[in-house]
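Here the structure comes first, spelled out in structure tokens, and everything after it is commentary.
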Amino acid sequence: MAATISLPLTANAAALSTSTSDISSAASTTRFVEVDGRKLAYRSVGKGKPIVLCHRFRGVLGLWDPAFIDALAAQEYQVITFDYSGIGLSTGERSYNPGAMVKDVRDLINALGLKDVVIGGWSIGGIVAQIYLAMFGQEVSHVVLLATTPPGHLVKPAEQLFYDAAAVPGIGLENFTTIFFEPGDEGSRLASRQSFERIIAQKTPRSPDVPADWAISQIGTTPRNPVFPSDDVLNVLKSTKTPILHIGADHDIIFPVENWYALNGQLPTLNLITYPKSGHAPHHQYPEMAATQIAAFIQGYA
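Written as structure tokens, this is what we have:
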């Protein structure tokens with residue numbers, strides 16, 4: 059069982075944002091905040107400007123690549139990851155409705171007393187981050203999106219392969235490579251094995267897996283278009299002054315990067331980076347480079 063520290067919501071906010079940070083993923087502990095009748099499990103690595111990362115579909119604490127988290131923390135950021143309500147070690151009602159998931163982010167940020175936050179998200183977590191920007195943009199300094207989708211109609215939909223692979227229970231290297239990397243490229247397969255081994259080797263146990271049958275029932279078993287039907291959020295992206303970075307891959311089987319490029323000229327603050335011969339986890343294939351580019355983006359728009 060992961061070591062835990064329960065922190066009451068009445069604790070000093072400033073102390074929460076600094077004293078609950080570990081120096082590395084290897085040393086990280088799972089902590090809790092109690093808010094609105096549930097406990098939210100989270101981990102915090104590093105010190106500095108806070109970056110709150112919203113997880114992917116079926117993602118739980120311990121499934122971020124520690125090389126990526128540590129590389130971000132080394133850039134003098136406090137990197138916070140968490141389990142959504144009812145998922146992993148968090149209690150409450152579970153849901154993959156992004157609107158409901160935004161409440162988890164909001165409650166966690168308030169409970170930890172975080173200010174001037176970088177909101178980030180991977181995959182479905184990137185949808186959550188975009189909605190958070192639309193709702194609480196005045197409190198967000200930057201947005202970092204990892205292999206996610208923009209709102210609205212897609213010029214290139216997902217591949218059926220993702221839905222078939224995402225319905226497989228547990229975590230195994232072959233499926234991990236299929237979903238998150240580029241199986242047809244030797245370098246990407248090697249990066250997948252290295253990332254998988256880093257994740258599995260972590261001393262702090264990961265949160266319990268998300269049940270595959272429940273998870274796939276929430277998103278369906280075939281591609282949808284649009285995935286994220288929100289004119290309101292798209293209009294915010296078209297008018298915001300908040301800097302936005304998207305790091306994607308040239309072959310993402312669930313959220314093709316082509317959908318972001320189709321919005322060229324419409325999103326005034328969007329920065330796009332695309333990694334070659336990679337898949338749905340570009341920041342796991344290139345953890346140090348992704349962290350360095352994220353830091354440069356944040357510092358460049360300080």
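Residue numbers (the numbering used here): 59 to 360. Note that beta-carbon positions come from the ideal geometry of N, C-alpha and C, so glycine has one too. Quantities reported herein were computed from a predicted structural model and do not represent experimental measurements.
Query, Result
"Rounded to the nearest angstrom, what separates MET193 and GLY210 at their Cα positions?", "18 Å"
"Please report the straight-line C-alpha distance between ILE177 and ALA360, rounded to a whole angstrom.", "15 Å"
"If LEU147 and THR88 are in contact, beta carbons under 8 Å, what's the gap, nearest whole angstrom?", "6 Å"
"Threshold first: 3 residues or longer. Then list the beta strand (DSSP E) segments lying entirely within the segment 294-320, N to C.", "302-307"
"Roughly how many angstroms separate the alpha carbons of VAL226 and HIS309, rounded to a whole number?", "21 Å"
"Which same chain residues end up closer than 6 Å to HIS304 when comparing Cβ atoms and leaving out the 5 residues on each side of it in sequence?", "LEU203, TRP318 and LEU330"
"Return the chain-ordered list of same chain residues with a C-beta closer than 6 Å to the C-beta of ALA339, the five sequence neighbours on each side being excluded.", "PHE238"
"From the DSSP output, in three-state form, read off SER181 for me.", "coil"
"Using a Cβ-Cβ cutoff of less than 6 Å, which residues in the same chain neighbour ALA216 once the five nearest sequence positions on both sides are dropped?", "PRO281 and ILE312"
"Whole angstroms is fine: what's the gap from ALA131's alpha carbon to ASP123's?", "13 Å"
"Could you spell out where the beta strand (DSSP E) holding TYR221 opens and where it closes?", "Run containing TYR221: none in the beta strand (DSSP E); it sits in the alpha helix (DSSP H), 218-224."
"Anyone know if the C-beta pair for TYR135 and GLY179 falls short of 8 Å?", "no"
"Could you check which residue in VAL163, VAL213, GLN252 and GLN218 has the C-alpha nearest to that of GLU232?", "GLN252"
"Kindly indicate which three-state DSSP category PRO340 falls into: helix, strand or coil?", "helix"
"Under 8 Å between the Cβ atoms of SER82 and ASP141?", "no"
"Closest to GLY106 by C-alpha separation, out of MET159, GLN133 and SER246, would be which residue?", "GLN133"
"The beta strand (DSSP E) spanning ALA99 covers which residue range?", "96-103"
"When you compare the CB positions of ALA84 and GLN260, do they come within less than 8 Å of one another, or not?", "yes"
"Quick one: what does DSSP say PHE254 is sitting in, helix, strand or coil?", "helix"
"Determine the burial state of LEU219: buried for a count of at least 16 other Cβ atoms within 10 Å of its Cβ, exposed for fewer.", "exposed"
"Quick check on VAL163: does DSSP put it in helix, strand or coil?", "helix"
"As a quick exercise: from ASN293, GLN188, GLY230 and LYS97, pick the residue whose alpha carbon is nearest that of ARG152.", "LYS97"
"Who are the Cβ neighbours of VAL268 in its own chain at under 7 Å, not counting the five residues just before and after it?", "ARG116, VAL118 and ILE145"
"Let's see if you can read the secondary structure: which residues bound the alpha helix (DSSP H) around SER275?", "270-277"
"DSSP puts VAL198 in a beta bridge; with which residues?", "VAL175"
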